[in-house]
Amino acid sequence: MQEKSFVFNRLLLIVFAISCLLDVDLIAADRPNVILIITDDQGYGDFGATGNDIIETPNLDELASRSASMSTFYVSPVCSPTRACLMTGRYNYRTRCIDTFVGRSMMEPNEITIAEVLAANGYRNGLFGKWHLGDCYPMRPQDQGFHEVLMHKGGGLGQPSDPRENNRRYTDPILFHNGEQVNTKGYCTDVYFDAALSSIETEVSNGNSFFTY
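Mapped onto my numbering, the consecutive letters of the sequence shown carry residue numbers -11 to 201.
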């Protein structure tokens, strides 16, 4: 019997979508744009949109009110295997991604990701922030279906994969844009958000359907 990971208890997925977009043949007209947000270290009930009347999350609540809210998902106790499941729709052990360190966070490059499926159907895909499924070819996000990438390496800023000169800082961090090391200005979350928003605006102005992760 297939073993299951822990039930969704740390992860909220909010997807701008009309359908789950996993069919190989997508309808060309009126295709939804998709924005997929992962928030870490939060319980399902930590949001106003999911019934919490103590913690105030007005912006996420507004986002949820205009989105398709996916409330059932199976996660691993740690990050990378969960992300591998999310990207592939497969049990993490089948993707070779079983932990977060010593090479165990590297997803099998032959796995088919949701980004690759969408790219094959004309979507423009962007990743902003954390990938943690492989930092080297052919496991980088730009090798797995993403066209525009701004990310840190490994599991986070300040971890061993971070450039030494970054000095574990979250403000003005050294990041990687489409594989090239770049210096940025601002707090890392704001840098990622601004890049994601700019990418969305570009795709909208170009008339492209997009997937932003």
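Even for Gly, the Cβ is constructed at its ideal location relative to N, Cα and C.
The structure presented is a predicted model; accordingly, all values stated were derived computationally and were not measured.
In the three-state reduction of the DSSP assignment, F35 falls in the coil class, being assigned neither a helical nor a strand state. A straight line joining the alpha-carbon of P148 with that of D123 spans about 12 Å.
Note on geometry: alpha-carbon atoms of Y32 and L74 lie some 17 Å from one another. Taken in chain order, the unbroken stretches of beta strand (DSSP E) that lie wholly in the region 107 to 187 and span 3 residues or more are 112 to 117, 136 to 139, 162 to 165 and 168 to 171. Boundaries of the beta strand (DSSP E) harbouring T27: V22 to T27, taken from the DSSP string. The beta carbon of A72 is closer than 7 Å to those of N80, T83, C85, M95 and L121 in its chain, skipping five residues each way along the sequence. Y201 carries a coil assignment under DSSP once its states are collapsed to helix, strand and coil. Note on the region 67 to 96: whole alpha helix (DSSP H) runs with a minimum of 4 residues are 67 to 76, in chain order. The Cβ-Cβ distance between F198 and E191 falls below 7 Å. Residue range P46 to S53 is occupied by the alpha helix (DSSP H) that includes S53. Contact check between the region 102 to 115 and the region 124 to 138: three or more CB pairs, one atom from each, fall below 8 Å, which counts as touching. Taking C-alpha positions only, I42 is separated from Y158 by approximately 29 Å.
As DSSP reads the structure, S193 sits in no beta bridge.
Going by beta carbons, P161 and T177 fall outside the 7 Å limit.
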